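Novice: Structure provided below as structure tokens; questions to follow.
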Amino acid sequence: MMPKQGKWSDLLTYDRLLRAFQEKGCPVCFMMERNSQKDLRALFYEKVTDYETREYLSKSRGFCNWHAWMSLELKTGESGLSLIYQELLEKELVELKADLKKKPSEPSLTDLLKRIFSFKKGRKVSFLRARRKAPCPICVTVGSLEKADLHMVLDSISEEEFLKKFKNSFGLCRPHLHLTLSLWEDHPNLPLLIEVHLEKFRNLLGELGEYIRKFDYRYAHEPKGPESDSWIRAVRLFVGGRGLFGSDL
Numbered sequence: 000m001m002p003k004q005g006k007w008s009d010l011l012t013y014d015r016l017l018r019a020f021q022e023k024g025c026p027v028c029f030m031m032e033r034n035s036q037k038d039l040r041a042l043f044y045e046k047v048t049d050y051e052t053r054e055y056l057s058k059s060r061g062f063c064n065w066h067a068w069m070s071l072e073l074k075t076g077e078s079g080l081s082l083i084y085q086e087l088l089e090k091e092l093v094e095l096k097a098d099l100k101k102k103p104s105e106p107s108l109t110d111l112l113k114r115i116f117s118f119k120k121g122r123k124v125s126f127l128r129a130r131r132k133a134p135c136p137i138c139v140t141v142g143s144l145e146k147a148d149l150h151m152v153l154d155s156i157s158e159e160e161f162l163k164k165f166k167n168s169f170g171l172c173r174p175h176l177h178l179t180l181s182l183w184e185d186h187p188n189l190p191l192l193i194e195v196h197l198e199k200f201r202n203l204l205g206e207l208g209e210y211i212r213k214f215d216y217r218y219a220h221e222p223k224g225p226e227s228d229s230w231i232r233a234v235r236l237f238v239g240g241r242g243l244f245g246s247d248l
């Protein structure tokens, strides 16, 4: 059964999610990765010389760490990246030269002591300008698609075909599950979504127990079953896709 709204974008999202259920890991994380690659390719093919795009990239200082490294893996991004980061480097040089011309005031004894004993604070201040930027443009697009995908999962999970395929998939990672809970806490399908994940978590916990049991030399000779990658799936469950949710620095 397809989405009741019948909008073309909804139909495409629904179909893409069904196919994403066949991939390893959280389907929405998979979609974020794929949408990121698609948006980067579109930017390099169609928008790299567009004035508004270049203006935004100047404000965002290019891409975030995740999308910058992803762009290096795209075979089509070489010329576009060269143009983008040439402009950014020129801007950075101008700003650094301006910094060089600034005459610092004579530090007091109190200032010197603060610099010595407040390294973290000084480090934070020194990076203020680097952090004062617009959000990564690819993150903006992918973030909106991420929420659309999550809402589609929630809307469609009560449908028999969708539910069956979702149960056979990895399910949502913990970050995406909790994001869904926080965004649509009154949605009528939320209890069903939680029940499905409770069952998945119990099964994974059982597989982890079996995997750990075989650490014991008495059972180490037993053949490995589906539990052999349970530890990898547990990590994926808790942190989501690689690079998607950042660090705590």
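According to numbering that gives the first Met the number 0, the sequence shown is numbered sequentially starting from 0. Note that CB positions come from ideal geometry on N, CA and C, so glycine has one too. Every value quoted in this text rests on a predicted model; they were computed, and no experiment measured them.
When the Cα atoms are used, what is the spatial distance from residue 171 to residue 57?
Specialist: Approximately 35 Å between the Cα atoms of the pair.
Novice: Which stretch, first to last residue, makes up the alpha helix (DSSP H) that contains residue 28?
Specialist: From DSSP, the alpha helix (DSSP H) with residue 28 extends over 26–41.
Novice: Between the Cα of residue 9 and the Cα atoms of 185, 90 and 155, which residue gives the shortest distance?
Specialist: The candidate whose alpha carbon is nearest that of residue 9 is 155.
Novice: On a CA-only basis, which of 227, 237 and 32 is nearest residue 177? Give me that one, please.
Specialist: Residue 177 has its Cα closest to that of 237, out of 227, 237 and 32.
Novice: Applying the 10 Å Cβ sphere with the 16-neighbour rule, what's the burial state of residue 143?
Specialist: Exposed.
Novice: In three-state DSSP terms, what is residue 186?
Specialist: If DSSP states are grouped into helix, strand and coil, residue 186 belongs with coil.
Novice: What's the C-alpha gap between residue 196 and residue 202?
Specialist: If you take the alpha carbons of residue 196 and residue 202, they lie about 10 Å apart.
Novice: Does the beta-carbon of residue 44 have 16 or more other beta-carbons within 10 angstroms, so that it is buried, or is it exposed?
Specialist: Flag for residue 44 reads exposed.
Novice: In chain order, what are the residue ranges of uninterrupted alpha helix (DSSP H) at least 4 long that sit wholly in the region 181–244?
Specialist: The qualifying runs are 189–212 and 229–238.
Novice: Would you identify the three-state DSSP class for residue 46, choosing helix, strand or coil?
Specialist: In the structure shown, residue 46 sits in a helix (DSSP, three-state: H, G or I).
Novice: Could you check how far apart the C-beta atoms of residue 175 and residue 47 are, in whole angstroms? I think they sit under 8 Å.
Specialist: Wrong, their Cβ atoms sit about 31 Å apart, outside the cutoff.
Novice: When you compare only the Cα positions, how much space is there between residue 62 and residue 100?
Specialist: If you take the alpha carbons of residue 62 and residue 100, they lie about 29 Å apart.
Novice: Go ahead and pull the three-state DSSP assignment for residue 133.
Specialist: Looking at residue 133 - three-state DSSP - the assignment turns out to be coil, as it is neither helix nor strand.
Novice: Tell me, to the nearest whole angstrom, how far the beta carbon of residue 257 is from that of residue 16; I am working on the premise that it is less than 8 Å.
Specialist: Because the chain spans 0 through 248 in this model, residue 257 falls outside it and cannot be assessed.
Novice: Rounded to whole angstroms, what's the CA-CA distance from residue 186 to residue 87? Just pull it up for me.
Specialist: Looking at the two C-alpha atoms, the distance is approximately 44 Å.
Novice: What is the rounded straight-line gap between the Cα of residue 77 and the Cα of residue 37?
Specialist: Approximately 16 Å between the Cα atoms of the pair.
Novice: Quick one, which of 135, 148, 153 and 182 has its alpha-carbon nearest residue 190's?
Specialist: The shortest Cα separation from residue 190 among 135, 148, 153 and 182 belongs to 153.
Novice: At which residues does the alpha helix (DSSP H) containing residue 164 begin and terminate?
Specialist: Residue 164 -> alpha helix (DSSP H) spans 159–166.
Novice: For the alpha helix (DSSP H) containing residue 73, name the first residue and the last one.
Specialist: From DSSP, residue 73 is part of no alpha helix (DSSP H); its letter is neither H nor E.
Novice: Roughly how many whole angstroms lie between the Cα atoms of residue 135 and residue 59?
Specialist: Going from the Cα of residue 135 to the Cα of residue 59 covers about 6 Å.
Novice: Using 7 Å as the cut-off, classify the Cβ of residue 63 as near or not near the heavy atoms of the ligand ADP, replying yes or no.
Specialist: In the structure on display, the ligand ADP does not appear, and there are no ligands present to speak of.
Novice: Using CA coordinates, which residue listed in 150, 212, 209 and 200 is at the minimum distance from residue 234?
Specialist: Of the candidates 150, 212, 209 and 200, the one whose C-alpha sits nearest the C-alpha of residue 234 is 200.
Novice: With 16 as the cutoff for other CB atoms within 10 Å, does residue 18 come out buried or exposed?
Specialist: Exposed, because fewer than 16 other Cβ atoms sit within 10 Å of the Cβ of residue 18.
Novice: With DSSP run on the structure shown, which of helix, strand or coil describes residue 21?
Specialist: Three-state result, residue 21: coil.
Novice: Give me the Cβ distance between residue 245 and residue 24, rounded to the nearest whole Å; I'm assuming they're in contact under 8 Å.
Specialist: Rounded, the Cβ-Cβ distance is 17 Å, inconsistent with contact.
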